[in-house]
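Heads up: the structure comes next, in structure tokens.
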Amino acid sequence: MNDPQSGADDGGVRPSLSRATVLLLAVTCGAAVANIYYAQPLLPVISRALGVSEGAGGLVVTASQIGYAVSLALLVPLGDVRERRRLVSVLLGLSAVALLGAAASPSLGPLYAAVGLVGVTSAVAQIVVPMAASLAADHERGSVVGTVMSGLLVGIMLARTAAGVLAQFGNWRLVFVFAAFVMVVLAVTLRLALRPVPPSETTPYPQLLRSVLTLVRTESLLRRRMGLAAVGMGGFTILWTASSFLLAGPRYGYGPAGIGLFGLAGVVGAAAAVVAGRFADRGHGRQVATWGLVLLTGSWGVLALAGTGGPGGLVALIAGIMALNLAQQALLISHQSALYRRVPHARSRVTTALMVSAFAGSTVSSALASALYPRVGWAGVCALGAAIALIGVGIWVLELRRPSPFEPLADPSAAVDARAVCDGPAATTGRACAHPQETAHA
271 MNDPQSGADD
281 GGVRPSLSRA
291 TVLLLAVTCG
301 AAVANIYYAQ
311 PLLPVISRAL
321 GVSEGAGGLV
331 VTASQIGYAV
341 SLALLVPLGD
351 VRERRRLVSV
361 LLGLSAVALL
371 GAAASPSLGP
381 LYAAVGLVGV
391 TSAVAQIVVP
401 MAASLAADHE
411 RGSVVGTVMS
421 GLLVGIMLAR
431 TAAGVLAQFG
441 NWRLVFVFAA
451 FVMVVLAVTL
461 RLALRPVPPS
471 ETTPYPQLLR
481 SVLTLVRTES
491 LLRRRMGLAA
501 VGMGGFTILW
511 TASSFLLAGP
521 RYGYGPAGIG
531 LFGLAGVVGA
541 AAAVVAGRFA
551 DRGHGRQVAT
561 WGLVLLTGSW
571 GVLALAGTGG
581 PGGLVALIAG
591 IMALNLAQQA
601 LLISHQSALY
611 RRVPHARSRV
621 TTALMVSAFA
631 GSTVSSALAS
641 ALYPRVGWAG
651 VCALGAAIAL
661 IGVGIWVLEL
671 RRPSPFEPLA
681 DPSAAVDARA
691 VCDGPAATTG
701 RACAHPQETA
711 HA
């Protein structure tokens, strides 16, 4: 691999990342996030093995999601103030320990605790994404982020399939042992393949967390992209929550294994992440967001046809899954590209704000879909998805009519250095001196 941390070349420009490095980061991202999805197709098996109700067994997924949410808010910001190669390697190692704890759990209580810790450590995926953005050269940043995000999506989609296959040949505990082995391999590989990735700031932890709220309060671009992230992830979750009910119902009658295979249709979104990243690199990030919202809204019209059942309904469902996942990935890459450019010194913190918002949208939408499906059926859930997508269209219309600042925001630490210069020699010589904030908004 090349040396992605070597700083700059002779011309002062950061060298491009090698394909091997980008692939390693993408695999790491996907494998880490997969840890919180392995249990989903295993819930009936786990419930029977531990002698508990399916309702109690279902809380295994809830425990991992709670851990993931806590980590998004409290752990991901550390990516801006800690050496990131070491941080990622340590979290992957801790994830392996937690996964082995899940595999060895004798009862439901210890399993809840173990998968909760798995959720906490799985947020390493959201540290890897801004780390990849920091390592990439300016001309390739969108493409690199898109490729790494494609790894995340593939991890989410393939986790269910991989868990089902492993459980069929062994048992549910084997799935967690396999995942732990993958974490150890990746931790060692990253440690050996990458040089240290220095932090972008040296800020005390309490101040670091407060600065996330400050960014949300002061940056309209971040607030609007957070709203769009909640919309996109909300639609994504509605689809995968309600489609399980539809496919298991009388119109299709699929079992758990068959339902899990539909996740493969969503892998096509990985291609969208790469393409969207390349368009963002060429300065077309707003067009990517516009077409992503159009596709997101239109996909619900296609998905509604799946309620008719039969071969035609099946084709509509697969096409709708592909379209919605394409839209979701395109939107997410657009958000990250815009925000990483706007706040280059706080990429982990804007990732925290963006993903917490996305997770909130996912949680609310999942609850709504589960509650509404028995009452209004597939057509009603599709109407809910379309309504949420239209909220996103409204946010985007506001952004197009009153654009948020988009140019890079100066690092506050650089502003301190600039003021020291202006108060020193520049002041005595009478030369004009512009602070970074002034030039950034010029």
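Following this note's numbering, the numbering of the sequence shown begins with 271 at its first residue and continues without gaps.
Glycine is no exception: its CB is placed at the ideal position from the N, C-alpha and C atoms.
*asked:* Determine whether the beta carbon atoms of Val445 and Leu456 lie at a separation below 8 Å.
replied: no
_Same chain only: Cβ atoms within 7 Å of Leu378, ignoring 5 sequence neighbours per side_ = Leu320, Val322, Ala326
_On the CB-based measure, 16 or more other CB atoms within 10 Å of its CB, does Val686 come out buried or exposed?_
Because Val686 carries a pLDDT of 37, less than 50, the predicted location of this residue cannot be relied on, and no value is offered for it.
*Starting from Ala499, trace the alpha helix (DSSP H) both ways and give me its first and last residue.*
490-518
*asked:* Between Val646 and the ligand MG, is there a pair consisting of the residue's CB and a ligand heavy atom that are separated by less than 7 Å?
replied: Annotation note on the ligand MG: not contained in the displayed structure, which lists no ligands.
*How would you call Arg480, buried or exposed, if buried means at least 16 neighbouring beta carbons within 10 angstroms?*
exposed
*Please state whether DSSP places Gly553 in a helix, a strand or coil.*
coil
*Where the alpha helix (DSSP H) through Val452 begins and ends*: 442-463
*Measure from the alpha carbon of Met592 to the alpha carbon of each residue in Arg612, Ala616, Pro614, Leu566, then state which is nearest.*
Leu566
*Supposed contact pair Thr417 and Ala296 - C-beta distance, whole angstroms, cut 8 Å*: 5 Å
_Burial state of Val667, where buried means 16 or more other Cβ atoms lie within 10 Å_ = exposed
*Note down, in chain order, each residue of its chain lying with its Cβ closer than 7 Å to the Cβ of Arg611, except the 5 sequence neighbours on either side.*
Pro678
*Drop a sphere of 10 angstroms on the beta-carbon of Gly580, count the other beta-carbons inside from all chains shown, and report buried for 16 or more, exposed for fewer.*
exposed
*Give the straight-line distance between the Cα atoms of Pro400 and Leu312, rounded to the nearest whole angstrom.*
32 Å
*Using DSSP with H/G/I as helix, E/B as strand and the rest coil, what is Glu353?*
coil
*Answer yes if the region 370-387 comes into contact with the region 464-480, meaning at least three C-beta pairs across the two stretches below 8 Å, and no otherwise.*
no
*Output yes or no for whether 8 Å exceeds the beta carbon distance between Met427 and Leu624.*
no
_Residue range of the alpha helix (DSSP H) that includes Pro400_ = 395-405
*asked:* I want to know whether the region 631-643 touches the region 503-515 - three or more CB-CB distances under 8 Å.
replied: yes
*Drop a sphere of 10 angstroms on the beta-carbon of Val691, count the other beta-carbons inside from all chains shown, and report buried for 16 or more, exposed for fewer.*
For Val691, the predicted model reports a pLDDT of 38, less than 50, meaning its position is unreliable and no value from the coordinates is stated.
*Decide if Asp350 is buried, meaning its Cβ has at least 16 other Cβ atoms within 10 Å, or exposed.*
buried
*Proximity to Val537 [Cα-Cα], best of Thr431, Leu660, Thr488, Val585*: Thr431
*Which value, in whole angstroms, describes the spacing of the CA atoms of Gln707 and Pro347?*
Residue placement at Gln707 is poorly supported in this model, since its pLDDT is 35, which falls under 50; the coordinates still yield a value, given next. Approximately 23 Å between the Cα atoms of the pair.
_Test item: CB-CB of Val394 and Leu422 under 8 Å_ = no
*Coil, strand or helix - Pro675 by DSSP*: coil
*Cβ-Cβ distance between Val358 and Ile306 below 8 Å*: no
*Kindly indicate which residue of Gly337, Arg355, Asp408, Leu387 has the alpha-carbon position closest to the one of Ala608.*
Asp408
*Rounded to a whole number of angstroms, what is the C-alpha to C-alpha distance between Arg617 and Ser420?*
19 Å
*Unbroken beta strand (DSSP E) runs of length 3 or more, entirely within the region 590-614: which are they?*
none
*asked:* Buried or exposed, going by whether 16 or more other CB atoms sit within 10 Å of the CB of Thr484?
replied: exposed
*On a CA-only basis, which of Phe448, Asn595, Tyr643, Phe439 is nearest Leu517? Give me that one, please.*
Tyr643
*Compare the C-alpha of Ile658 against each of Ala586, Ala309, Leu534, Trp570 and name the closest.*
Trp570
*Apply the 10 Å Cβ neighbour rule to Phe451 and answer buried if 16 or more other Cβ atoms are within range, or exposed otherwise.*
exposed
_Endpoints, the alpha helix (DSSP H) within which Val322 is located_ = Element bounds for Val322: n/a, residue is neither H nor E.
*Status (buried if at least 16 other CB within 10 Å, exposed otherwise) for Val385*: buried
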